[in-house]
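In full-length UniProt numbering, the protein residues as written are 1 to 134. Since the structure comes first, as structure tokens, the remarks are kept for the end.
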Amino acid sequence: MTDARLGLTVTHRRYVPYSHAHYGGNLVDGAYALGLFGDVATEVCIRTDGDEGLFAGYADVRFHAPIHAGDVVQVTAQVSRVGTRSRTLELSCAVVCRGRPDRSASAAEVLDPPIVAVTATGTVVVPAAVGREE
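The structure is reproduced here in structure tokens:
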């Protein structure tokens with residue numbers, strides 16, 4: 001029997017404020033995406049187990065493209081494995097809109113297709129299920 005939690009996907013979108021620019025050219029540091037991965041993983045844990053859970057670790061974190069202040073990013077987590085207390089998540093952060101300061105101070109565009117900026121595999125843990133079979 002297949003676990004109904006497998007394949008569950010949660011998506012968040014967020015505007016990246018200019019206050020998060022860390023480097024020249026309004027570049028945002030890579031840790032910004034990891035923080036967003038934590039947010040989306042929390043929702044996954046709530047939906048699958050009724051608890052916020054805890055992030056245990058990342059594997060295979062890859063930075064494919066830059067994230068800039070003024071971008072809109074879409075962060076997705078999909079459950080790929082369910083253990084007794086752990087869940088493995090496939091994570092991605094894609095830029096779906098990008099500021100265009102070369103056009104004007106407030107210009108922006110929708111990216112089609114989006115640019116995948118960061119991917120990772122993460123492991124979260126949740127408390128032992130009480131009164132539930134896993």
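A virtual CB, placed ideally from N, CA and C, is assigned to each residue, including glycine.
Asked	Found
Exposure of Arg62, with buried meaning 16 or more beta-carbon neighbours within 10 Å	exposed
Separation of Gly53 from Gly122, as counted between CA atoms	13 Å
Residue range of the beta strand (DSSP E) that includes Leu89	Ser86 to Gly99
Alpha-carbon to alpha-carbon, Thr84 and Arg132	Its pLDDT being 48, under 50, Arg132 is placed unreliably in this model, and the coordinates cannot settle the point.
Cβ-based burial, Ala4 [other Cβ within 10 Å; buried from 16]	exposed
Gly38, enclosing alpha helix (DSSP H) - first and last residue	Ala31 to Asp49
Distance between Ser106 and Glu134 (C-alpha atoms, nearest Å)	Note that Glu134 scores a pLDDT of 42, beneath 50, so its modelled location is shaky and nothing firm can be said.
Nearest-angstrom beta carbon gap, Gln74 and Ala94 [assumed within contact, 8 Å]	5 Å
Close beta carbons around Glu109, own chain, < 8 Å, minus the five adjacent residues each side	Cys97, Arg98 and Arg100
Reduced DSSP secondary structure (H/G/I, E/B, other) of Gly122	strand
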